[in-house]
Amino acid sequence: MKHGLFEIREEARQFITRENLSRGTHWEVLDPNLKIQVPRCAVPLAVKWVPKTYGLSAPNVAVSCGGTVGGSWEKHWNVFVPVTSKR
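Residues in the sequence shown are numbered from 1122 upward in steps of one, following the working numbering.
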């Protein structure tokens, strides 16, 4: 069973909405890579900024799962979702 990219993107959108409100920024969430497939998460998703030390060419947020549904081939995962400035 796969975790839906729509839900992953929505988590990223909620995170960015909170960031924009608290920091007065104007970030907008783009689509995650549609080829990504990850197992269903059994715990609430977490979202944070991807550190600049990762060397990505543009800002991204990481939507993370700390524990997947039993029997999954992966026990945890991160999906990087790109963001861009609206200005």
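Glycine included, each C-beta is placed from N, C-alpha and C at the ideal position.
All values reported here derive from a predicted model rather than from experimental measurement.
- Your pair proline 1203 and asparagine 1181 checks out as a contact, with CB atoms roughly 5 Å apart and the cut at 8 Å.
- The beta carbon of glycine 1191 sits closer than 7 Å to none of the beta carbons in its chain outside the five residues before and after it.
- The beta strand (DSSP E) runs lying completely inside the stretch 1143 to 1188 and spanning 3 residues or more are 1148 to 1150, 1167 to 1170 and 1181 to 1186, given in chain order.
- Between leucine 1166 and valine 1150, the CB-CB gap reaches or exceeds 8 Å.
- Glutamate 1128 counts as exposed, since fewer than 16 other beta carbons sit within 10 angstroms of its beta carbon.
- Taking each of Val1200, Asn1141, Thr1189 and Arg1139 in turn and checking the Cα distance to leucine 1126, the smallest one comes out for Val1200.
- Residues His1147 of the same chain have their beta carbon placed closer than 8 Å to that of arginine 1208, with the five preceding and five following residues left out of the count.
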